[in-house]
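Heads up, the thing below is written out as structure tokens.
Residue numbers (the working numbering): 270 to 358.
Dropping the structure here:
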């Protein structure tokens, strides 16, 4: 068995290069999956938040979860992100 390993057609350096290539590709794949998972998590962020009615101040979600008077959930689509300009005729 040892003789076969010593007289093999593949050199030690070639085996080491192959092993390093596999490790590099595996590491790159793991990194890519982590980036994709991170992007997916941020794209599915909350579309609502808790605000105090007086002054529309963002507060901790626990106020709305407990149903305390004066606090309400605000959806992301509640207010336009920009003001529409009137058309000039």
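Backbone N, C-alpha and C fix where the C-beta goes; we use that ideal spot for every residue, glycine too.
No experiment lies behind these values; they were computed from the predicted model shown.
Under the three-state reduction of DSSP output, residue 335 falls in the coil class, being neither helix nor strand. Within its own chain, the residues whose Cβ lies closer than 8 Å to the Cβ of residue 340, once the five positions on either side in sequence are excluded, are 319, 320, 321, 322, 328, 332, 333, listed in chain order. For the options 291, 293, 342, the alpha carbon positioned closest to that of residue 326 is the one of 342. A Cβ-Cβ distance of about 31 Å is found for the pair residue 355 and residue 317, leaving them out of contact under the 8 Å criterion.
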